[in-house]
Amino acid sequence: MGAGANGGKSIGGVVLGLEGISLAFGGVRALQNVSFDVREHEIRAIIGPNGAGKSSMLNVINGVYHPQEGTVTFNGVKRRDVNTHEAAAQGIARTFQNIALFKGMSVLDNIMTGRNLRMKSGLLAQAIRIGPAEREELQHREAVEQIIDFLEIQAYRRTPVGRLPYGLQKRVDLARALAMEPKLLLLDEPMAGMNVEEKQDMCRFILDVNDQFGTTIVLIEHDMGVVMDISDRVIVLDYGKKIGDGTPDEVRGNQAVIDAYLGVSH
Amino acid sequence: MLYRENGQFKTTYRQDQQMLPILQDRIFMALLLLFVFGAGPFIFSDYLFLSILIPFLILALAAIGLNLLVGYCGQISLGHGAFMSVGAYAAYNLALRMPQLNFLVVLILAGLIAALVGLLFGIPSLRIRGLYLAVATLAAQFFMDWTFARVKWFTNYAPSGSVSTATIDIFGWTVDTPVRKYLFLLAVVTVFALVAKNLVRGHMGRAWMAMRDMDVAAEVIGIRPVYAKLTAFGVSSFYVGVAGALWGFVYLGSWEPLAFDINLSLNLLFMIIIGGMGSILGSFFGAFFIVALPILLNQAPEWLGIHMSTAMVSNLEAMIFGSLIIFFLIVEPQGLARLWAIGKEKLRLWPFPH
Chain A
3 MGAGANGGKS IGGVVLGLEG ISLAFGGVRA LQNVSFDVRE HEIRAIIGPN
53 GAGKSSMLNV INGVYHPQEG TVTFNGVKRR DVNTHEAAAQ GIARTFQNIA
103 LFKGMSVLDN IMTGRNLRMK SGLLAQAIRI GPAEREELQH REAVEQIIDF
153 LEIQAYRRTP VGRLPYGLQK RVDLARALAM EPKLLLLDEP MAGMNVEEKQ
203 DMCRFILDVN DQFGTTIVLI EHDMGVVMDI SDRVIVLDYG KKIGDGTPDE
253 VRGNQAVIDA YLGVSH
Chain B
2 MLYRENGQFK TTYRQDQQML PILQDRIFMA LLLLFVFGAG PFIFSDYLFL
52 SILIPFLILA LAAIGLNLLV GYCGQISLGH GAFMSVGAYA AYNLALRMPQ
102 LNFLVVLILA GLIAALVGLL FGIPSLRIRG LYLAVATLAA QFFMDWTFAR
152 VKWFTNYAPS GSVSTATIDI FGWTVDTPVR KYLFLLAVVT VFALVAKNLV
202 RGHMGRAWMA MRDMDVAAEV IGIRPVYAKL TAFGVSSFYV GVAGALWGFV
252 YLGSWEPLAF DINLSLNLLF MIIIGGMGSI LGSFFGAFFI VALPILLNQA
302 PEWLGIHMST AMVSNLEAMI FGSLIIFFLI VEPQGLARLW AIGKEKLRLW
352 PFPH
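Order-wise, the sequence lines are chains A and B. The numbering of the first sequence is this note's numbering, which starts it at 3 and goes up by one. The numbering of the second sequence is this note's numbering, which starts it at 2 and goes up by one.
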């Protein structure tokens, strides 16, 4: 599968636009005047050396960090500051670089937590449980079971996530994000620390999510092979600045990118 | 051999999500309830009721309340003794000033008042966590101790500061004998334990646990920390407030402000540590441990035919009690509930090791 030529999927208009984003922590300028856009249904990769500001970028998109300058436009709504709850309500989900699962809970409960925003039954209804609260619970359980099927983790439903091997934990992390039925999915190094087989599985899941659910995906990844294979467009960050943006082929040929990231021959 | 789930196929999610998915567990629970409600009142002695079962039931309720906050939501609190006192004094004043109210209404209102106070003292949890939060909630303890000792209105201007309650009357059924007290408490605790179990199985419980385990990820999923933490404080204080009212009305009958001092808060914390954080069942284990062990240690020398001075016995009691707590923290940090779960797991596989 070549760059930007993903089967029959149609890439739509811009769903996420970032303009002139600048973010600083005291004297450290994590992002400087970065602008880019993400179109509907596309897989957009962010690459760059360590400390380039990739994770900060994701954190700006879903409201964990608040940029000092610039605007984020999601689904036509323009904003500078958003809190994480609003971002989640708008349909932005993410996974984490260092797995951030709820260690004390089972796989099923972890994924069910992804449905929390959609569950409305009140305190008293939940206290009694019989009736509306249970119906709601069952209805969401069904949705979660579909995701469990999709990611092939049926055997681990009742296992506490802490006991799962790393690759599966990453998968549960993805499942929890998918349970939100997001419009935009942010993946922070979904394949870090995996072996080749696990990477292949994860690639397949990402492509399937993109294909079957039509989810727009922004991912950070260090494995160049993976990035060049699965993404439609790539943006390259270095020291908080954007130094490249385009299809994998364009980026591969960009001299600034080669110098900064792929290595300069001396 | 008896404890197997072979052949118990679940064909609906409802069956899969029930509280006790294994048939044997349901039978055991039914028999247990039948025993404690049906047979207990006839075979237990008054001594057993008054010195073990009644305090055990009330403290188990308080421990469930604290466990919802500390074990499930991960917000540590050293002020739960104070919230118990809020419940007790609220119930006292409600019963005193509005004698027409049914005791059950008084109980619920006392719980709600304690929940409000708990919410108030839970606000710092939005900014601070861990030990710092523990210190902030400790302030609740001292503040309440002071309030009920100094503000005379709460104690109805009693010169000694101690208050005493009237006999509880529920629709003409007076809760006066040990057996009736036991039955009344058993009913209340059963209902409250069931409600707590329902809450932690629902989306609210999952929100609490998510806050406990990984708060950033929880926020990113769309769980509001304000909502999750404050509901945990509110529900927890409600439980503890109800327990406080029962402690005052059913167990103590009359009490001084010191009845709800820091020791009570610490004891509640020990109960959930020993019983098991994040487990409703563990709250019962812990409460039983804390209530029954001192009595056992106190009686043991006599049973063994060893003669010791009372001072020696009480010192030994404190030492053994303390060492057991340390022992549990090291050996099984997840408490008696965890041991119970491991035991059940082993039993399911027995006679095979795994």
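Ideal Cβ positions, reconstructed from N, Cα and C, are used throughout, including at glycine.
Contact set for residue i: own chain, Cβ-Cβ below 8 angstroms, skip 5 residues either direction
| i | result |
| --- | --- |
| A:L166 | V109, Y158, V174 |
| A:N274 | This structure leaves residue 274 of chain A out entirely; chain A is present only between 3 and 268. |
| B:S315 | N299 |
| B:V251 | I55, I59, I169, V176, K182, F185, L186 |
| B:F239 | G66, G112, L113, A115, A116, G119 |
| A:H142 | M114, R117, R120, M121 |
| B:E220 | P226 |
| B:F322 | L294, P295, L298 |
| B:I291 | L60, N268, F271, M272, I275 |
| A:E88 | G65 |
Cutoff 7 angstroms; reference residue i; Cβ partners in own chain excluding five residues on either side
| i | result |
| --- | --- |
| B:V190 | L58, A61, L62 |
| B:S165 | G254, S255 |
| A:T115 | F104, R178 |
| A:K56 | I48, G50, I222, L239 |
| A:Y168 | G195 |
| B:A92 | V107, L108, A111, A246, G249, F250 |
| A:R41 | I13, G14, G15, V16, V17 |
| A:I112 | One point to set straight first is that residue 112 of chain A is Asn, not Ile, in the sequence displayed. Only L103, F104, V163, V174, R178 meet the Cβ criterion. |
| B:P334 | none |
| A:S58 | L25, A32, L33, Y67 |
Residue i, buried or exposed, once every other Cβ within 10 Å from all chains shown has been counted against 16
| i | result |
| --- | --- |
| A:Q202 | exposed |
| B:A167 | exposed |
| A:G4 | Any reading at A:G4 must be qualified, since the residue scores a pLDDT of 40, below 50, and its modelled position is unreliable; no value is offered. |
| B:T311 | exposed |
| B:I296 | exposed |
| B:W248 | buried |
| A:N8 | The pLDDT assigned to A:N8 is 49, lower than 50, so where the model puts this residue is not dependable, and the model offers no usable value. |
| A:K80 | exposed |
| A:D210 | exposed |
| B:Q9 | exposed |
| A:D261 | exposed |
| B:P354 | exposed |
| B:T12 | exposed |
| B:D214 | buried |
| B:N95 | First, the amino acid is wrong: residue 95 of chain B is Leu here, not Asn. Buried, because 16 or more other Cβ atoms sit within 10 Å of the Cβ of B:L95. |
| A:D190 | buried |
| A:F1 | Beyond the ends of chain A as shown, which are 3 and 268, falls residue 1 of chain A; an answer cannot be given. |
| A:K172 | buried |
Extent of the continuous beta strand (DSSP E) to which residue i belongs
| i | result |
| --- | --- |
| A:N35 | 30–41 |
| B:L127 | That residue, B:L127, is in no beta strand (DSSP E); it is neither H nor E in DSSP. |
| B:F57 | First-last for B:F57: 55–68, but that is the alpha helix (DSSP H), not the beta strand (DSSP E). |
| A:D83 | No beta strand (DSSP E) contains A:D83, which DSSP labels as neither H nor E. |
Sequence-distant residues of the same chain with beta carbon closer than 6 angstroms to residue i, five excluded per side
| i | result |
| --- | --- |
| B:V118 | V87 |
| B:L108 | V243, A246 |
| B:F261 | G82, M85, S86 |
| A:R31 | G242 |
| A:M182 | A95, G116 |
| B:L407 | Residue numbering for chain B in the displayed model covers 2 to 355; residue 407 of chain B lies beyond these limits and cannot be assessed. |
| A:N39 | First, the residue type needs correcting, since residue 39 of chain A is Asp and not Asn in the sequence shown. Once the five neighbours on either side are set aside, the close Cβ partners of A:D39 are V16, G19. |
Terminal residues of the alpha helix (DSSP H) in which residue i lies
| i | result |
| --- | --- |
| B:I263 | 263–276 |
| A:E138 | 134–152 |
| B:R151 | 132–151 |
| B:I331 | 311–332 |
| A:T115 | 109–115 |
| B:F289 | 281–304 |
| A:L20 | Note, A:L20: premise wrong, no alpha helix (DSSP H); beta strand (DSSP E) at 16–27. |
| B:R15 | 14–17 |
| A:G248 | Premise fails: A:G248 lies in the beta strand (DSSP E), 243–248, not in any alpha helix (DSSP H). |
| A:E200 | 198–210 |
| A:A127 | 125–130 |
Distance cut-off 7 angstroms: residue i Cβ against heavy atoms of the ligand HEM
| i | result |
| --- | --- |
| A:G72 | Among the components of this structure there are no ligands whatsoever, and the ligand HEM is therefore not found. |
Residue i: contacting residues in chain E (beta-carbon distance under 7 angstroms)
| i | result |
| --- | --- |
| A:T86 | Among the chains of the structure shown, chain E does not appear; the protein chains present are A and B. |
Members of the stretch 51–79 of chain A near chain B, C-beta cut-off 9 angstroms:
The residues in question are N64, G65, V66.
Could you please tell me which residues of the stretch 185–201 of chain A, in chain order, have their CB closer than 7 angstroms to any CB of chain B?
Cβ proximity to chain B below 7 angstroms picks out nothing from the stretch 185–201 of chain A.
Any residues in the stretch 110–137 of chain A with a beta carbon nearer than 8 angstroms to a beta carbon of chain B? Which ones, in chain order?
Interface annotation for the stretch 110–137 of chain A against chain B: D111, M114, T115, G116, R117, N118, L119, M121, S123, L125, Q128, A129, I130, R131, A135, E136, criterion Cβ-Cβ distance under 8 angstroms.
With 8 angstroms as the limit, tell me which residues of the stretch 224–239 of chain B have their beta carbon closer than that to any beta carbon of chain A; keep them in chain order.
Residues passing the 8 angstroms Cβ filter: I224, R225, T232, V236.
Tell me the start and end of each unbroken alpha helix (DSSP H) in the stretch 156–240 of chain B that is at least 4 residues and wholly inside, in chain order.
Complete alpha helix (DSSP H) runs here, min 4: 179–202, 204–214, 216–222.
Chain A contacts from the stretch 7–39 of chain B (Cβ-Cβ distance under 7 angstroms):
Listed in sequence order: Y14, R15, Q18.
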